[in-house]
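For the record, in the sequence shown the residue sitting at position 58 is 98 according to this note's numbering, with numbers rising by one throughout.
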Amino acid sequence: MNPKKLIPVIVIAAAVIAGLVFWQVSTAGTSAPSSQSQPTGAAAVLPVTTNPIQNTSTAPGLTIVTAAVQDNTDPQTQAAISDRLQITVKNTGTAALTGFEVFYTMKDTVTNAAESYYQKLDEAPLMPGASTTINFDNQSGPGHYPENMFSLYRSSKNKVEFSIEVSASGAATAHATAVKDAGNGEKSD
């Protein structure tokens, strides 16, 4: 066999192999999602710098019954559930409440780092005397909303304090606080 005739074949084969290797390396970082990524279909949740709630009503009617970020329980069964920002609100007024919004700030008590988040809720009208529970847990279904899995709440090992504001059209905003104790991740409830 003539070695001069093999040179073009070797060059082409080397170029093809180099191209395949380059292609594999360039797509390797995007082929599999990280275990820390948001669930499929969850909207990206990013901190906000200001509170967009513009509610100026002073009429009573909206109350935060409980706000928790650890040792959470299912409101129907009272069984322990995973930690999340969980807010139970009640309509103490005489008219149905609509147009719910939530704004909350979390602050690391050691570093003083703070993050704020806003969520417009698609809750059904809350009838007089009724209560509903709002969960920021990246689950789907009524009462469940996305959360930032990389927030101070999830990443800080320090105590994190929450300041929470819930708004509904025609009622004064309701306020509450909640605290995540210092620690590294969830412990058994």
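Glycine included, every Cβ here is placed at the ideal spot set by N, Cα and C.
When the alpha-carbon of V206 is set against those of A107, L86, A84, the nearest one is in A107. Within its own chain, the residues whose Cβ lies closer than 8 Å to the Cβ of D221, once the five positions on either side in sequence are excluded, are Q110, K199, listed in chain order. In the DSSP assignment, the residues bridged to S156 are V88, T145.
Partner residues in the beta bridge of F202, as assigned by DSSP, are M146, A218. In this structure T173 touches Q126 by the C-beta definition: roughly 6 Å separates them, less than 8 Å. Assignment of I121 by DSSP, reduced to helix, strand and coil, places it in the coil class. Within its own chain, the residues whose Cβ lies closer than 8 Å to the Cβ of T217, once the five positions on either side in sequence are excluded, are A107, E201, F202, S203, I204, listed in chain order. For P182, the closest of V85, Q118, P165 by C-alpha to C-alpha distance is P165. In the DSSP assignment, S171 falls within the unbroken beta strand (DSSP E) covering 171 to 176. Listed as beta-bridge partners of Y185 by DSSP are F176. Annotation: the continuous beta strand (DSSP E) that includes L102 extends over 102 to 108. Taking the Cα positions, R194 is about 19 Å away from V142. If the five residues before and after I52 are omitted, its C-beta is found closer than 6 Å to no C-beta atom of its own chain.
L137 carries a strand assignment under DSSP once its states are collapsed to helix, strand and coil. Here Q94 is exposed: its Cβ has fewer than 16 other Cβ atoms, across all protein chains shown, within 10 Å.
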